[in-house]
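Under my numbering, residues 29 to 109 are what the sequence shown spells out, in order. Heads up, the beta-carbon is just placed ideally off N, CA and C, and yes, glycines get one too. Every value quoted in this text rests on a predicted model; they were computed, and no experiment measured them. Step one of this worksheet: look at the structure below.
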Amino acid sequence: MSADGTGKFGGCCEVLKDVLESEEFEPLIAEDDDGILYMSIGMVDPEKEEDPNMVDHPVFFCPFCGTKVQTPEEVDAKAKA
Ligand SMILES: [Zn+2]
């Protein structure tokens, strides 16, 4: 499998693994370039924005099995790195 970085998340359960590895759809949960797992929680108001963007929020617990996947401290450290 891949080296450091990718593949860090998804080790807790098959569902999250499938979501992150799926090529059949664009998942709303994804690992960004900094290695932080994000979940899309909604869209910027399309009536106010010409080019609406998804709003992301870091995921601290797997939404499928409840396993802790990262801590706020880890996210902070990676975001600043
Ligand atoms: Zn899980």
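Identity of the residues DSSP links to residue i by a beta bridge
{"i": "ASP84", "result": "SER68"}
{"i": "LYS96", "result": "PHE89"}
{"i": "GLU59", "result": "LEU65"}
Beta carbon of residue i nearer than 8 Å to that of residue j
{"i": "LEU48", "j": "GLY38", "result": "yes"}
{"i": "VAL56", "j": "MET71", "result": "In the sequence under discussion, the amino acid at residue 56 is Leu, which differs from the Val named in the question. Cβ atoms of LEU56 and MET71: not closer than 8 Å."}
Nearest-angstrom Cα separation, counted from residue j out to residue i
{"i": "ASP32", "j": "ALA109", "result": "In this prediction, ASP32 has a pLDDT of 47, which is less than 50 and means its spatial position is unreliable; nothing more can be read from the coordinates."}
{"i": "ASP46", "j": "GLU59", "result": "13 Å"}
{"i": "THR95", "j": "GLU78", "result": "38 Å"}
{"i": "LYS76", "j": "VAL43", "result": "35 Å"}
{"i": "PHE92", "j": "ALA105", "result": "25 Å"}
{"i": "ASP73", "j": "GLU54", "result": "21 Å"}
{"i": "LYS36", "j": "VAL97", "result": "9 Å"}
{"i": "CYS90", "j": "GLU51", "result": "20 Å"}
{"i": "LYS88", "j": "ALA107", "result": "Inspection of the sequence shows that residue 88 is occupied by Phe rather than by Lys. Spanning the two alpha carbons is a distance of roughly 14 Å."}
{"i": "CYS5", "j": "ILE69", "result": "The chain is shown from 29 up to 109; residue 5 falls before or after that span and cannot be answered."}
{"i": "PRO80", "j": "LEU65", "result": "21 Å"}
Fill in: the region 74-84 contacting the region 95-103, beta-carbon criterion three pairs below 8 Å
Between the region 74-84 and the region 95-103 there are fewer than three C-beta pairs closer than 8 Å, too few to call the two in contact.
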